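Residue numbers (UniProt numbering): 1 to 523. Every residue gets a Cβ at the ideal spot worked out from N, C-alpha and C, and that includes glycine. The structure displayed is predicted, hence computed values, not measured ones.
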């Protein structure tokens with residue numbers, strides 16, 4: 001044991017020349033953040049104290065907006081929706097037709113949704129670090145503490161025995177409750193490996209990541225939520241542009257972006273989607289999916305899938321026909337997610353974009369048609385493993401290791417250069433990507449649709465219940481959408497096609513060179 005506080009030098013002893021003093025002994029002095037002596041004038045001895053550092057911090061409470069389903073009746077909700085006259089009559093094409101259709105649908109749907117499941121605000125407490133702690137354990141803890149105080153006062157063996165009994169009982173109940181809670185979480189994950197590992201992160205010990213209520217803005221720590229939200233939004237919106245400007249200075253402007261000859265493939269054409277397709281997509285939604293800025297939850301769309309499928313399909317088909325995407329479907333709600341490092345620095349946060357739920361149906365329709373076209377015409381590089389069905393990181397790793405083994409058998413050396421692209425898909429140049437798509441047979445109105453999809457995108461940041469002002473996003477592709485996967489797949493394919501080598505992982509490219517082994521080495 002090491003002494004944290006000194007003896008008589010701290011003034012903790014009695015008044016006068018008494019040689020005794022009070023001391024505080026600790027095994028890890030670095031865990032004590034403050035210590036000292038306080039004169040109480042109530043005794044001959046002064047109060048000696050120390051303050052110990054605690055790693056655990058309660059997450060700050062937040063004010064969240066959500067729909068109240070306390071009195072929600074799904075049959076009454078569906079009955080009101082069936083009485084709505086949806087706008088599904090074909091009209092003249094124009095730049096505003098898609099937005100008009102969407103706003104008309106949103107107004108009617110939200111009006112009924114607010115009637116049956118009104119929006120409400122509630123202050124939500126921070127994350128519960130002990131979700132397994134139940135009322136029974138708390139009662140036993142109170143009994144333990146009671147007998148502990150009683151035993152200290154009476155020093156009776158019977159009271160000490162009662163204290164030890166309840167102390168051991170608390171320990172056993174906590175262990176049992178933890179085991180039951182963890183077992184239930186694992187069972188609920190089922191066959192979903194993503195949910196399984198998310199559960200394991202909760203169970204296994206490790207550093208807990210929590211958003212700091214104070215963020216450094218312009219070099220100074222700020223606690224103003226509005227200021228922080230706006231600073232986050234400007235940072236996320238400009239981070240990629242600043243990085244791209246640095247790359248232009250380093251690499252120059254004259255780059256060969258496209259290597260695919262133009263008009264080599266048959267033209268790609270959009271096909272109309274059916275109401276049955278929309279209905280199946282809505283029914284497959286997870287009820288707890290995050291809600292976009294339109295505040296239309298997946299749960300209500302899922303409950304009314306057969307009713308709204310036809311008007312939603314009409315909006316999507318109009319979008320594909322007119323090469324226009326509803327503006328609301330290009331506006332994202334961004335949540336800063338802490339990664340690692342100092343919690344007060346914005347560079348240590350990752351933006352998580354949340355778009356309206358219905359935009360996912362449109363993107364899914366385009367994803368299926370475009371991916372089928374790319375597969376049928378064998379456009380994607382065979383080495384492109386990211387964002388593709390029947391491909392995986394295991395395939396890329398096996399291909400890489402097999403090349404090394406084959407070269408070793410032939411007496412050759414293999415040199416490899418691994419490139420980790422920073423903000424790989426946040427810095428995707430829209431002009432380069434659109435040029436690549438046009439060379440692949442995506443022309444006319446289909447090319448115009450992709451152009452509109454990537455242009456005029458905006459985002460707001462939500463920080464602890466506060467929403468920032470809107471900022472324009474001029475680079476990158478959405479990283480949470482099926483359509484974004486196609487864009488990211490083609491962006492990565494530009495690299496693999498240009499280099500002619502396999503891709504090991506997202507944003508990671510392998511360059512392979514072989515050299516004959518010198519005789520001196522072979523011997």
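Pair within 7 angstroms by beta-carbon distance, residue i and residue j
i           : j           : result
residue 326 : residue 105 : no
residue 302 : residue 282 : yes
residue 67  : residue 119 : yes
residue 268 : residue 371 : no
residue 181 : residue 132 : yes
residue 34  : residue 51  : yes
residue 316 : residue 285 : no
residue 245 : residue 476 : no
residue 300 : residue 113 : yes
residue 162 : residue 147 : yes
residue 461 : residue 470 : no
residue 537 : residue 323 : Any question about residue 537 goes unanswered here, given that the chain covers just 1 to 523.
residue 137 : residue 173 : yes
residue 64  : residue 124 : yes
residue 149 : residue 159 : no
residue 434 : residue 451 : yes
residue 237 : residue 473 : yes
residue 304 : residue 81  : yes
residue 170 : residue 141 : yes
residue 468 : residue 229 : yes
residue 385 : residue 397 : no
Three-state secondary structure (DSSP) of residue i
i           : result
residue 65  : strand
residue 219 : coil
residue 475 : coil
residue 390 : coil
residue 369 : helix
residue 466 : strand
residue 384 : coil
residue 227 : helix
residue 331 : strand
residue 117 : coil
residue 414 : strand
residue 311 : helix
residue 107 : helix
residue 270 : coil
residue 29  : helix
residue 98  : helix
residue 84  : coil
residue 123 : strand
residue 293 : coil
Bounding residues of the beta strand (DSSP E) (the contiguous stretch that carries residue i)
i           : result
residue 36  : 32-38
residue 349 : 349-354
residue 459 : 457-463
residue 49  : 47-52
Bounding residues of the alpha helix (DSSP H) (the contiguous stretch that carries residue i)
i           : result
residue 131 : It is not in any alpha helix (DSSP H) - residue 131 carries neither H nor E in the DSSP assignment.
residue 451 : 444-454
residue 425 : Note, residue 425: premise wrong, no alpha helix (DSSP H); not H, not E.
residue 281 : 275-283
residue 176 : 157-189
residue 197 : 193-203
residue 71  : Careful: residue 71 lies outside any alpha helix (DSSP H) and carries neither H nor E.
residue 298 : 298-303
residue 433 : 430-439
Same chain only: Cβ atoms within 6 angstroms of residue i, ignoring 5 sequence neighbours per side
i           : result
residue 442 : 268
residue 272 : 317
residue 330 : 457
residue 196 : 189
residue 422 : none
Sequence-distant residues of the same chain with beta carbon closer than 7 angstroms to residue i, five excluded per side
i           : result
residue 344 : 212, 214, 215, 216 and 221
residue 225 : 463, 464 and 466
residue 350 : 337 and 339
residue 99  : 326 and 327
residue 427 : 240, 243, 244, 475 and 476
residue 369 : 270 and 271
Same chain, Cβ closer than 8 angstroms to residue i, neighbours up to 5 away in sequence not counted
i           : result
residue 306 : 279
residue 177 : 132, 133, 134 and 137
residue 394 : none
residue 97  : 91, 318, 322 and 324
Within-7 angstroms CB hit, residue i to chain C
i           : result
residue 142 : Looking for chain C here will not work: only one protein chain is present.
Would you call the region 298-313 and the region 105-115 touching, i.e. three or more CB-CB distances under 8 angstroms? yes
Any contact between the region 229-248 and the region 334-350? By contact I mean 3 or more CB pairs, one from each, below 8 angstroms. yes
Can we say the region 343-358 touches the region 274-291, given the rule of at least three CB pairs closer than 8 angstroms? yes
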